[in-house]
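Trainee: Mapping the sequence shown onto this note's numbering, position 147 (from 1) lands on 142, and the numbers just tick up by one.
Even for Gly, the Cβ is constructed at its ideal location relative to N, Cα and C.
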Amino acid sequence: MDIKQNNKLIYVLLAISSALALILILIGFAEPVADAGGTNHPSIASMKIGGNGAARLAHVGNYSFAFICLVFLLIVCLAAFGVSAKKRTREFWIYVGAAFGFTMLVSWKLFMGHQAFLESGETTYSFGFPTPTAWQLYGAWLCAIPLVAVYTLGFRKFIYTAEDEESFNHLLKSKSDTD
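(1) Just to confirm the assignment: which complete alpha helix (DSSP H) runs, minimum length 4, are found wholly within the segment 66 to 148?
(2) I'd like the list of long-range same chain contacts for residue 36, defined as Cβ closer than 7 Å, with 5 residues on each side in sequence excluded.
(3) Between residue 67 and residue 102, is the Cβ-Cβ spacing less than 8 Å?
(4) Tell me which same chain residues have a C-beta within less than 6 Å of the C-beta of residue 125, skipping the five on either side of it?
(5) Measuring only the C-alpha atoms, how far is residue 48 from residue 17?
(6) With a threshold of 8 Å on Cβ separation, who are the neighbours of residue 99 within its own chain once the five nearest residues in sequence on each side are excluded?
(7) Compute the Euclidean distance between the alpha carbons of residue 167 and residue 151, then round it to the nearest angstrom.
(8) In this structure, what does DSSP give as the bridge partners for residue 34?
(9) Pick from 149, 21 and 80: whose alpha carbon is nearest that of residue 54?
(10) Count the CB pairs spanning the segment 137 to 157 and the segment 74 to 83 that are closer than 8 Å, and state whether there are at least three.
Right, here's the structure in full:
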């Protein structure tokens, strides 16, 4: 069972990494957008001013959102890979899945808020910032907390159990007995 679970997860990691590579290739071959790097400022020759942000993201916006979602999924899977397969119980996957779901919610709010701003030019304000900026500023840091909580609160259950500690102490004792 242990080897089968590890093999499944390694194939998931391979699939995610392959999808990330494919998305980067698709972004690389996306149609160039006129004035994507901005345009010349009318009175200051050495300055560029922003171009059309919605046009810049028209061809790659969904790819960039898919890319960040896959990066977060890769982080979660790599974190799970660090847990013994026999301890990756259904409960563990529910906690990790909930942490990933929270991250996806924040990512979606950030991306969609930014897209709405680019399309309309209007935004609301939250916590002293434009809403998409607030999601980036506060949400990006907040995203890590659920996964850290799974590891912190579940450390003795999923990472280093009492049985693991007993086995480790037995190993240390047997090592010191031979020296």
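Mentor: According to the data block:
(1) 85 to 115, 126 to 129 and 135 to 148
(2) 42, 43 and 44
(3) yes
(4) 118
(5) 24 Å
(6) 64 and 67
(7) 20 Å
(8) 44
(9) 21
(10) yes
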